[in-house]
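Inspection log for the structure reproduced underneath, given as structure tokens.
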Amino acid sequence: MTQTTEAPAPGITGRPDAGALAPRATTFAKALNAALADAMEVDASVLMFGEDVGPLGGVFRITDGLTARFGEERCFDTPLAEAGIMGMAVGMAMNGMKPVVEMQFDAFAYPAFEQVVSHVAKMPNRTKGKVRLPIVIRIPYAGGIGGVEHHCDSSEAYYAHTPGLTVLAPATVRDAYFMLREAIASPDPVVFLEPKKLYWSKEEVDLAELRRTFDDGQAPRRIGRAVVARPGTDATLISYGPSVPTALAAAAAAAEEGRSIEVIDLRSIVPFDDETVCASVRRTGRAVVVAEAPGFASVASEIVARVQERCFHSLAAPVLRVTGFDIPYPSPKLEHFYLPSVDRILDAVDSLQWEDGA
Amino acid sequence: MTQTTEAPAPGITGRPDAGALAPRATTFAKALNAALADAMEVDASVLMFGEDVGPLGGVFRITDGLTARFGEERCFDTPLAEAGIMGMAVGMAMNGMKPVVEMQFDAFAYPAFEQVVSHVAKMPNRTKGKVRLPIVIRIPYAGGIGGVEHHCDSSEAYYAHTPGLTVLAPATVRDAYFMLREAIASPDPVVFLEPKKLYWSKEEVDLAELRRTFDDGQAPRRIGRAVVARPGTDATLISYGPSVPTALAAAAAAAEEGRSIEVIDLRSIVPFDDETVCASVRRTGRAVVVAEAPGFASVASEIVARVQERCFHSLAAPVLRVTGFDIPYPSPKLEHFYLPSVDRILDAVDSLQWEDGA
Amino acid sequence: MSTATNEGRGSLIGGVPGGTPSAAHALLPSAEPVQLVDPDGRSHSDQRYPLPDGGRLLGAYGRLITGRRINDQANALVRQGRLAVYPSSHGQEACQVAAAVVLGEEDWLFPTYRDTVAVITRGVDPLEVLTLLRGDWHAGYDPYEHRVATQATPLATQLLHAVGVAHAAKLRGESTVVLAMCGDGATSEGDFHEALNFAAVFHVPVVFFIQNNEFAISVPLKNQTVAPSLAHKAIGYGMPGERVDGNDLAALLAVLGAAVDRARDGGGPSLVEAHTYRMQAHTNADDATRYRSTDDVERWVPKDPIVRMRAYLRTLDLLTEEGEQSLADEADAVAATIRKGLNTEVQVNPAELFEYVYTEKTSQLREQAALLREELARDADADAAAASGAAGDSTEGDQR
Amino acid sequence: MSTATNEGRGSLIGGVPGGTPSAAHALLPSAEPVQLVDPDGRSHSDQRYPLPDGGRLLGAYGRLITGRRINDQANALVRQGRLAVYPSSHGQEACQVAAAVVLGEEDWLFPTYRDTVAVITRGVDPLEVLTLLRGDWHAGYDPYEHRVATQATPLATQLLHAVGVAHAAKLRGESTVVLAMCGDGATSEGDFHEALNFAAVFHVPVVFFIQNNEFAISVPLKNQTVAPSLAHKAIGYGMPGERVDGNDLAALLAVLGAAVDRARDGGGPSLVEAHTYRMQAHTNADDATRYRSTDDVERWVPKDPIVRMRAYLRTLDLLTEEGEQSLADEADAVAATIRKGLNTEVQVNPAELFEYVYTEKTSQLREQAALLREELARDADADAAAASGAAGDSTEGDQR
Ligand SMILES: Cc1ncc(C[n+]2csc(CCOP(=O)(O)OP(=O)(O)O)c2C)c(N)n1
Ligand SMILES: Cc1ncc(C[n+]2csc(CCOP(=O)(O)OP(=O)(O)O)c2C)c(N)n1
Ligand SMILES: [Mg+2]
Ligand SMILES: [Mg+2]
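Protein chains in written order, with the numbering used here: chain L, 1 to 358; chain B, 1001 to 1358; chain R, 2001 to 2400; chain Y, 3001 to 3400.
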């Protein structure tokens, strides 16, 4: 596996994208919407369905305008039943369609868990690849938006632990577009995690240009490819999805204190890009994994485990984690105590045994 | 947290238990059955229900005789619906009962996932502890029995990652008895994982004696307490449930090659006994985690992560894992390629960089 | 094939399948929803359901007035940013009130997120009820105090809890009845199906009460079901189904009251569908103009539950001008309490995040609580240094 | 309230809720299961369902004979340890055969673990069907070859897949009908509910076919439901329900055939419940004496589907002695093929474990496959050393 040759993603800070023509401020949400519309236009077998994704355009408006443009046979509301949505998607995918389904919020995907684990993930293997399931499960994901209970779960570990699923989490507007297009084009089922708190983040990108790049096959592959979101030399922060901007902010703050921190944006949780991650850690000798989900038996645990297995002799200190606590996601007034913060990341970096022989 | 003072568990090899009177060969399954019967006898609020647990006594006969003895109001069959079973258990526990439910096989617990994650695990927290849910979810668990698809999943990571659940996996006949009693007595919801392949394993134990010990409050606590199943000095194998006998066998084989391997039986995945595990690894300086589940984002990942975070400077080599592959559980003829084997564990131990300066 | 009926009174397991066609048809709902007082306030007699007496209606009408006031007040507080979100039951208050008042003290109510008015009507302190929506971390009230479960968010899940509560009560020989609420959308979830089936098979005293308000967020009823009515689902579980005008307080009291009596008398579960309408957006965060016209909504204005009950009570002189004033005053008082209560900021203690996840904190949570405590102490020290004061106490937050 | 009917032919979204009482009642099943040929082989006429003609019955009868033979053969192979487990449909063969033969080539069948005979009747190679139960790792046959989904194990999950397949076909304007099978126990699962509701709302051509064999492993029907019948669930989704004698091949062909025609003509989904009986234990691993008496089972012996159809066909001289002999020979030939096929050991290639999890192996799986390859190579070397031969080839197992 080779690392993408594309330049580091511009982050969510709105840095202008040098390659794009006529850039303008585009939100993450709008990029997803454009990716869906473009995919539906180029491939008539792409369908979009779920709860409130029709005339309403989804509670986050990611499917805005799709019913009007493609008709209610291509983008439609279902009865309110997530297992039903997922199971119907399996059948449609068996029969030539490419369903994209929306689970309204992370915790409302749990009723579909059996369908996801026992069928979406396993049907291709069970049939020796005869039945492929090109399904994309879109999940507005994670917290930081002041949501109430059940609306802010970070559920990636459940999916990442389930063999057969591809699990993606974009962190930038460009990646939102390209990764959703790539997910829809993938012959394998993809769990596509959309960090809610980034929906309204903006970048200067030209969606028409992104579309041309993708349709021309010029977009470098992102599934299985991490990217160095900010280069550095002293330590590596490994993050994905909603934690990438936090990690970048921490790196910026550290820079002011004279520490050069590299930030990796995984983008793809499964497959995992060992090469990019380990190359960085071997260079810096220190690593902290940043993720919102409760830390126990999580994707963050996996990253720590892999990095120390593969980079043990390059490590000057244990690989640390800054994750959510092992508690239910807290309410709006308390979420900032729970979420990985710049300070908590800097504390972790500080404890990476910088003194000789500590 | 202090480590249990009880002697190492006798393993599943049937070594006589010195403390017991009139010992006789007892299976793991029988010990679970006795624990249920004893719990139901001492506490009228303990109920047992699920699919085929009534007159049939469960497909593994763990509930054998309970309906006959306690009546169909205390041990009964439900309609065939796992979310229904779990949701009804929540209501019963809210209203003074201590439900023990059986999920017929690991993969058939998935329909109940929403109830488990959104309610069983969170209701106590949501109500500031006003509503406690003393539910035990018994799951015949993991493989090694030549079962077909859906009947051999190792699903512990899904539960261990969910805050609010206690997750247990006994590996010995004594522990099967004591841990199920302790689980039923716990005010918190417990996911109780019963390694299927150990159901027919035997030990010389006197169930009446175990009962007296437990009822007299003399049984040392096992929730949150790992145990050293075999002492050793050169490296530590960390295992739980179905992997414990495999780890013990590997340690025995290593002993013949002159290597002294310590084996830890976690027993309790959540809460996790850092103290026992880290004390061992700090002593031996080397560790391998052994578990059946696919390794990615698993409980094994967590153990590796914690151990290297806490014992970094004691480690002579990276903490390695011997786990299931990241594939669906394979069929009877292929499962031995998938399962952690003595050879694979010995290979991992061999690669723990025993040469100076490697 | 079999001719046994499905009446399993008294036994733990209900009857056996089968039944004569006529017995089966008795489980079907009436062709039209039961209506006792029409939108103009005229009463109609119904053979099966006698009109509740005037005192009962007047009492319930008072709760209706307060219920509407609570909805209006909560909406206002959302606009002022004092509540995070409020799913209003404006227009559905007759359902809300009836669901609460048909129950006795020993009974249980299982509400959803939209049923705040029902919960308050049952006696729970309004400020406690609104706790969660203010941004605090827990559900707000003690479910055991008034036997009201927490307001369920994951749809239809609570129906199974209701069955479990009823089952436990039945096993102990208690006469508890459980009324479990859900929306039309929630009937599509698998848990709805499993709950009704479990209730019927175990013959437990649960009244399932669907508020069919014609929408699930933006999705209209016709995309949710093509059944003749939602109450027609009951026969598939072997329990009776009934339909009622959900804006007719009198009919709701009669129909739900009968269902509760039936359940208490060992008659087992039943399903009641109330036909009503969600007059406002799903919540303040929703934009209903994207999926329905104001005309649609306007059509329901004349059917308002308050208007018709007021007309009925005034016509019969059960309600006087002073009576109305005093009900309005009562409602104002409740609204004032809410306003006042929500003026004081929620005090949250971060240490509590770790307190209730397990009965006893795991060593993992002890470590995590300590980490947060240290951070807060450092912040406090920094603040103190900045203000050159002292603030050591906050480190003790989680020691209780 | 509304008087629209639920016929949404042609439109993607079905009809609207409501409907006149009589229209609604038309969705209810007949009071007694449809029976065209009784246990003594006498035919009865039925206004709605004409008796299938002799040729059709004779053809299907032949499949019945083969089906029974397959069940017996598979049971024998389990006893000999050549099959891991076999959930037999002994006694239910009429359902098995009818489900397969009412479908056209363009249609899809969604079977469960117990429906091996239906799958074989549809044309799938018996040896392929038994692949999984022999211990191989995959489902055995290509679902697209005969349009037969894999035999589902997680109960009721396949019903939703069936809806999806039908929905996709409908969107493309194809005339495919999908017949989806499940047991009485599976009707309790949430997925059953969601599948029927989705099918009705999207008005897709699916025939849901319940084989009510009165048991779910050890659990009798009365602990599964107290509904008048399982077919009474249909009205709750706005689709017609029908009941049929599940041991009457003629009635099954008629009723299922009508349901398939209806679906193909744009009439939408329907639910058919067949009343039959599981004559043997759940699987060979089950001990049915723990939960039912031999008397219970004996009562069903005279209702055997083969006995009555044979009597009927013999009486009408549609079946001769030679005819019987040739059907028996055919059945023997199939059994012999199975026996012979299962005599050769399954050859498994461990490298395949990693081949189909993703279309392209992840780098993680490449590493894991390499680990296994090395182990096997070492073992092979050791074996080779022991046998002083050479065995380098097996290391290449996963290079294709
Ligand atoms: C399992 C689940 N899926 C999705 C949601 C998101 N959601 C919240 S309310 C709602 C609509 C519910 O409609 P209905 O049951 O008719 O109740 P109403 O809001 O009309 O009172 C949806 C889809 C949820 N809360 N739970
Ligand atoms: C979701 C799920 N839960 C439990 C099981 C275990 N199980 C396999 S068959 C069976 C009984 C099924 O009964 P029924 O649906 O009546 O079909 P039958 O076996 O009678 O053909 C059970 C409980 C399963 N396969 N899937
Ligand atoms: Mg609604
Ligand atoms: Mg059955």
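Where a beta carbon is used, it is the ideal one built from N, C-alpha and C, also for glycine.
Beta-carbon spacing of residue i, residue j below 9 Å
i, j, result
"Q2158/R", "L2132/R", "no"
"V2178/R", "A2200/R", "no"
"A1219/B", "E1182/B", "yes"
"L47/L", "Y177/L", "no"
"W3300/Y", "N3247/Y", "yes"
"V1263/B", "A1229/B", "yes"
"D106/L", "Y141/L", "yes"
"P1111/B", "A1083/B", "yes"
"R3308/Y", "D3040/Y", "yes"
Residue i CB to nearest heavy atom of ligand 6 below 8 Å
i, result
"D3184/Y", "For ligand 6, the structure offers nothing, since it holds only ligand 1, ligand 2, ligand 3 and ligand 4."
is_contact[residue i, chain L] using C-beta, thresh 9 Å
i, result
"D3142/Y", "yes"
"S2394/R", "No answer about S2394/R holds up, because its pLDDT of 42 lies below 50 and its placement is not dependable."
"L3412/Y", "The structure shown does not extend to residue 3412/Y, since chain Y is modelled only from 3001 to 3400, so the question has no answer here."
"V3255/Y", "no"
"L1180/B", "no"
"Y1110/B", "yes"
"T3005/Y", "A caution first: T3005/Y carries a pLDDT of 36, below 50, which makes its placement in the model unreliable, though a value can still be read off. Answer no: the Cβ-Cβ gap between T3005/Y and chain L never drops below 9 Å."
"H3282/Y", "no"
"H3146/Y", "no"
Per-residue contacts from residue i into chain B (C-beta, under 7 Å)
i, result
"D326/L", "P1163"
C-beta neighbour in chain B for residue i, strict 9 Å
i, result
"F402/L", "No answer is possible for residue 402/L: the residues shown for chain L start at 1 and end at 358."
"K122/L", "yes"
"L2958/Y", "Lying outside 3001 to 3400, the shown extent of chain Y, residue 2958/Y is not represented and no answer is given."
"Q1973/R", "Chain R is shown from 2001 up to 2400; residue 1973/R falls before or after that span and cannot be answered."
"F2208/R", "no"
9 Å Cβ cut-off: residues of chain B touching residue i
i, result
"N125/L", "I1327 and P1328"
Under 7 Å from the C-beta of residue i: neighbouring residues of chain L
i, result
"Y2291/R", "P55 and L56"
Test: residue i CB closer than 9 Å to a CB of chain Y
i, result
"E1149/B", "yes"
"V2201/R", "yes"
Contacts that residue i makes with chain Y (C-beta to C-beta distance below 9 Å)
i, result
"Q308/L", "Correct list: empty, because the minimum Cβ distance to chain Y is about 16 Å."
CB contact check: residue i to chain R, cutoff 9 Å
i, result
"E1335/B", "no"
"A1089/B", "yes"
"Q353/L", "no"
"V1131/B", "yes"
Partner residues on chain B for residue i, Cβ-Cβ distance less than 8 Å
i, result
"A3084/Y", "G1146, V1148 and P1332"
"S3188/Y", "P1079, L1080, A1081 and G1084"
Residue i: contacting residues in chain Y (beta-carbon distance under 8 Å)
i, result
"Y1338/B", "L3353"
Interface residues of chain Y facing residue i [CB-CB closer than 7 Å]
i, result
"D1052/B", "I3217, S3218 and V3219"
At a Cβ cut of 9 Å, what residues of the segment 1068–1086 of chain B count as close to chain Y, listed as they run along the chain?
Contact annotation: in the segment 1068–1086 of chain B, residues whose CB is within less than 9 Å of a CB in chain Y are F1076, D1077, T1078, P1079, L1080, A1081, E1082, A1083 and G1084.
Would you list, in chain order, the members of the segment 2210–2243 of chain R that have their beta-carbon closer than 8 Å to a beta-carbon of chain L?
For the segment 2210–2243 of chain R, which is checked against every Cβ of chain L, the residues closer than 8 Å are A2216, I2217, S2218, V2219, N2223, Q2224 and T2225.
Which residues, in chain order, does the segment 2114–2145 of chain R contribute to contact with chain L at a C-beta distance below 9 Å?
Cβ contacts with chain L come from L2132, L2133, R2134, G2135, D2136, W2137, H2138 and A2139.
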